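Accompanying notes for the structure given below.
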Amino acid sequence: MTYDALIPVIRRLALEAGDKIMEIYNSDDFDVKVKSDSSPVTEADEAADALISAGLREAFPDTLLVTEEQAASHSEKGDTFLIVDPLDGTKEFINRRGDFTVNIALVENGVPTRGVVYAPAKGRMFYTQADGQSVEETGALDKVQVGDVGSISVSKPNNSALMIVASKSHRDQATEDYINKYQVKDSKSAGSSLKFCLVATGEADLYPRVGRTMEWDTAAGHAVLAGAGGKVVRFDDHSPLTYGKDGYANPFFIAYAPGVDLKEA
């Protein structure tokens with residue numbers, strides 16, 4: 041697998057999955073089930089997962105695939121793997137709030153090196169190019185023909201007036217307590233991996249996550265942020281957030297633009 045081969049495939053699959061998701065999102069009704077961990081799953085999650093998984097397995101049959109909706113993949117291990125959350129922000133989807141994304145990433149030796157984040161209800165598409173630079177694509181978002189792309193980069197933070205983004209569905213007192221350690225100009229809420237992308241574009245300086253996430257929730261956003269000059273570190277000791285951990289579970293973390301004076305947990 042080369043990056044030149046990978047990027048067009050994950051871009052196209054994200055767009056195709058987005059179409060499938062929006063078809064269900066715009067229908068009169070859709071089924072919602074509850075998984076064993078009490079999280080919701082919809083027919084859109086499952087349809088998008090089937091489409092993306094088939095496409096990745098056809099294009100890259102020799103690369104390990106880990107996906108949220110296929111529990112058997114969660115016990116697989118490898119130095120290099122593709123990791124997918126076909127519909128991140130299921131609660132946003134169910135409540136028809138629009139802040140949900142399709143996430144596909146490549147992890148190499150613990151690091152998410154390439155990825156795509158597509159928010160179909162918002163028409164926003166972010167991905168790393170083959171050279172590692174992150175871009176936002178605008179325009180028609182055609183499956184084959186790439187439209188206008190603009191390089192994105194993190195902000196130059198003003199530590200006396202920071203822009204914070206935090207989870208819409210999981211914003212608790214612990215999160216507020218941590219945010220209160222900073223001098224904040226403005227704070228906004230967003231769902232799904234869009235929070236990483238808002239830091240990547242400079243729309244926010246800091247995204248702290250004091251709550252449970254899995255690697256498929258974060259890998260694509262992490263890759264996009266890294267390709268825009270940003271960083272993601274563990275909440276407890278500020279060491280880099282790594283991937284391929286047991287069960288693909290994340291510790292708490294902080295995503296930020298370098299230049300933010302990080303506070304201790």
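Mapped onto this note's numbering, the consecutive letters of the sequence shown carry residue numbers 41 to 305. Where is the CB? At the ideal position from N, CA and C, for every residue including glycine. Only a predicted model underlies this, so the values are computations on that prediction, with no experimental measurement involved.
Considering residue i, what are the terminal residues of the alpha helix (DSSP H) in which it resides?
i: K131; result: T130 to I134
i: P152; result: Segment V151 to A159 is the beta strand (DSSP E) holding P152; no alpha helix (DSSP H) there.
i: D219; result: A small correction: the amino acid at residue 219 is Ile; Asp does not occupy that position in the sequence shown. Looking at the DSSP string, the run of the alpha helix (DSSP H) that includes I219 is Q213 to I219.
i: M62; result: Y43 to Y65
i: N238; result: In the sequence on display, residue 238 carries Leu and not Asn. First-last of the alpha helix (DSSP H) with L238: L234 to A240.
Quick check on residue i: buried or exposed, where buried means 16 or more other Cβ atoms within 10 Å of its Cβ?
i: D139; result: buried
i: E148; result: exposed
i: N290; result: buried
i: V300; result: buried
i: P197; result: buried
i: E63; result: exposed
i: S76; result: exposed
i: R249; result: buried
i: D89; result: buried
i: E176; result: buried
i: S200; result: exposed
Suppose contacts are defined by Cβ-Cβ distances below 8 angstroms. Is residue i in contact with residue j by that definition?
i: P298; j: G269; result: yes
i: I144; j: G129; result: no
i: L105; j: E56; result: no
i: S229; j: S207; result: yes
i: E108; j: V124; result: yes
i: I61; j: P160; result: yes
i: V264; j: F293; result: no
i: Y158; j: G58; result: yes
i: G261; j: S233; result: yes
i: F121; j: M41; result: no
i: D71; j: T82; result: yes
i: G284; j: G150; result: yes
i: V239; j: V189; result: no
i: D245; j: L302; result: no
i: F275; j: A295; result: no
Between residue i and residue j, which are expected to be in contact by the criterion C-beta below 8 angstroms, what is the C-beta distance as a whole number of angstroms?
i: Y322; j: F166; result: This structure leaves residue 322 out entirely; the chain is present only between 41 and 305.
i: L53; j: A84; result: The Cβ separation is near 15 angstroms, so there is no contact.
i: G172; j: L181; result: Going by Cβ atoms, the distance from G172 to L181 rounds to 22 angstroms, so no, they are not a contact pair.
i: K235; j: Y218; result: With 8 angstroms as the limit, K235 and Y218 do not qualify as a contact, their Cβ atoms being about 14 angstroms apart.
Identify every residue that forms a DSSP beta bridge with residue i.
i: T258; result: Answer by DSSP bridge pairing: none, since T258 is not bridged.
i: F140; result: F140 is not bridged to any residue.
i: S174; result: T168
i: D125; result: N143
i: A289; result: M254
Looking at the unbroken beta strand (DSSP E) that takes in residue i, where does it start and where does it end?
i: I204; result: L202 to S207
i: K225; result: V224 to A230
i: I294; result: F293 to Y296
i: L104; result: L104 to T107
i: G95; result: Careful: G95 lies outside any beta strand (DSSP E), inside the alpha helix (DSSP H) at E83 to A99.
i: P248; result: L246 to R249
i: S188; result: As written in the sequence, residue 188 is Asp, which differs from the Ser given in the question. Here the beta strand (DSSP E) through D188 covers D188 to S191.
i: K73; result: V72 to V74
So, is the C-beta of residue i closer than 8 angstroms to a C-beta in chain B?
i: Y167; result: Protein chains in the displayed structure number just one, and chain B is not present.
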